[in-house]
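**Q** Starting off with a structure, shown below.
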Amino acid sequence: DAGVTQSPTHLIKTRGQQVTLRCSPISGHKSVSWYQQVLGQGPQFIFQYYEKEERGRGNFPDRFSARQFPNYSSELNVNALLLGDSALYLCASSPEEGRSPLHFGNGTRLTVT
Amino acid sequence: SQQGEEDPQALSIQEGENATMNCSYKTSINNLQWYRQNSGRGLVHLILIRSNEREKHSGRLRVTLDTSKKSSSLLITASRAADTASYFCATDFNDYKLSFGAGTTVTVRA
């Protein structure tokens with residue numbers, strides 16, 4: 772079975788622009804989470820979705836939004852990009868919400884210039 | 049912050065030696081997990097230890113958990129070049145998110 776897939780792998784945007792990142796979970800996984808990893812730091816939680824509903828939100832501004840589709844894939848949107856949004860954005864899936872280990876994709880490297 | 053904190057930040061060892069890294073956290077947890085990350089790619093889950101467990105093994109990995117000290121350790125025995133990576137502990141203290149530390153970078157020299 773395919774793992775978690777994310778697209779695009781790399782992206783360069785200009786300050787003030789908007790970006791959409793996409794994630795396809797492992798088949799059968801209903802929970803999708805998004806994490807931001809700034810260079811040299813650990814991943815920071817952004818959102819979790821389960822069965823198309825937002826279950827949790829991290830300490831990120833309203834410029835960050837996400838949604839989950841009926842096929843359990845997900846999109847992360849970031850508006851009005853700032854230089855500080857440059858990071859590796861990781862998507863992770865699990866069969867259910869809660870205490871399952873997470874299965875991560877290889878991430879989208881976003882560079883804001 | 050609820051994040052775990054790993055110690056040391058970096059570790060360099062010879063192939064065949066053991067590598068030990070520690071994680072401390074601040075609040076009560078449901079479980080603690082260790083992940084590996086190679087060269088800025090995705091994280092790979094290594095092992096999960098529940099709050100009522102004290103030690104767990106998986107292949108060359110040994111994890112301990114001391115909830116009274118709010119700390120955990122990860123031991124990699126007989127290290128190989130392929131173990132070169134960053135290792136993160138992640139604490140699960142609610143139902144929807146993991147809190148990661150800043151990681152320990154391990155370099156295994158041939």
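Going line by line, the protein sequences match chains A and B.
Quick note, the first sequence lines up with residues 772 to 884 if you use the working numbering.
Quick note, the second sequence lines up with residues 49 to 158 if you use the working numbering.
Note that the Cβ used here is the ideal one computed from N, Cα and C, for glycine as well.
Taking 9 Å as the CB-CB limit, is B:G90 close to chain A?
**A** Contact of B:G90 with chain A is assigned, a C-beta pair being separated by under 9 Å.
**Q** Does the beta-carbon distance from A:G813 to B:A138 come in below 9 Å?
**A** yes
**Q** Looking at the unbroken beta strand (DSSP E) that takes in B:H164, where does it start and where does it end?
**A** Any question about residue 164 of chain B goes unanswered here, given that chain B covers just 49 to 158.
**Q** Taking the beta strand (DSSP E) that A:I783 belongs to, which residues open and close that run?
**A** 781–784
**Q** Pair every Cβ in the region 94–107 of chain B with every Cβ in the region 852–860 of chain A, then say whether three or more of these pairs are closer than 8 Å.
**A** Under the Cβ criterion (8 Å, minimum of three pairs), the region 94–107 of chain B does not count as touching the region 852–860 of chain A.
**Q** Quick check on the burial criterion: 16 or more other C-beta atoms within 10 angstroms. Buried or exposed for A:P872?
**A** It counts as buried.
**Q** Using a beta-carbon distance cut-off of less than 9 Å, what residues from the region 67–79 of chain B approach chain A?
**A** Sequence-ordered contacts of the region 67–79 of chain B with chain A read N78, N79 [C-beta pairs closer than 9 Å].
**Q** In its own chain, which residues sit with a C-beta less than 6 Å from the C-beta of B:R157, not counting the 5 before and 5 after it?
**A** Q62
**Q** Less than 9 Å between CB atoms is the rule here; does A:S864 satisfy it with respect to chain B?
**A** No, because no Cβ of chain B sits closer than 9 Å to the Cβ of A:S864.
**Q** Interface residues of chain A around B:S64 at Cβ under 7 Å?
**A** A small fix is needed here, since residue 64 of chain B is Gly in this sequence, not Ser. Near B:G64 there are no residues of chain A at all, since even the closest Cβ is about 28 Å away, more than 7 Å.
**Q** What residues of chain D sit near B:K104, judged by a beta carbon separation below 8 Å?
**A** The displayed structure is made up of protein chains A and B, and chain D is not among them.
**Q** Exposed or buried, which one is A:E824 when buried takes at least 16 other CB atoms within 10 Å?
**A** exposed
**Q** Measuring alpha carbon to alpha carbon, tell me which residue in A:T879, A:A837, A:Y821, A:S844 is nearest A:N850.
**A** A:A837
**Q** Count the other CB atoms within 10 Å of the CB of A:I783; is the residue buried (16 or more) or exposed (fewer)?
**A** exposed
**Q** Beta-carbon within less than 7 Å of B:A129's beta-carbon, same chain only, minus the 5 sequence neighbours each way: which residues are those?
**A** E63, V156, A158
**Q** Does the CB of B:Y144 have a neighbour CB from chain A at under 9 Å?
**A** yes
**Q** Run down chain A in chain order and give the residues with a C-beta less than 8 Å from the C-beta of B:G107.
**A** The premise fails here: B:G107 is roughly 16 Å from chain A at the closest Cβ pair, so nothing lies under 8 Å.
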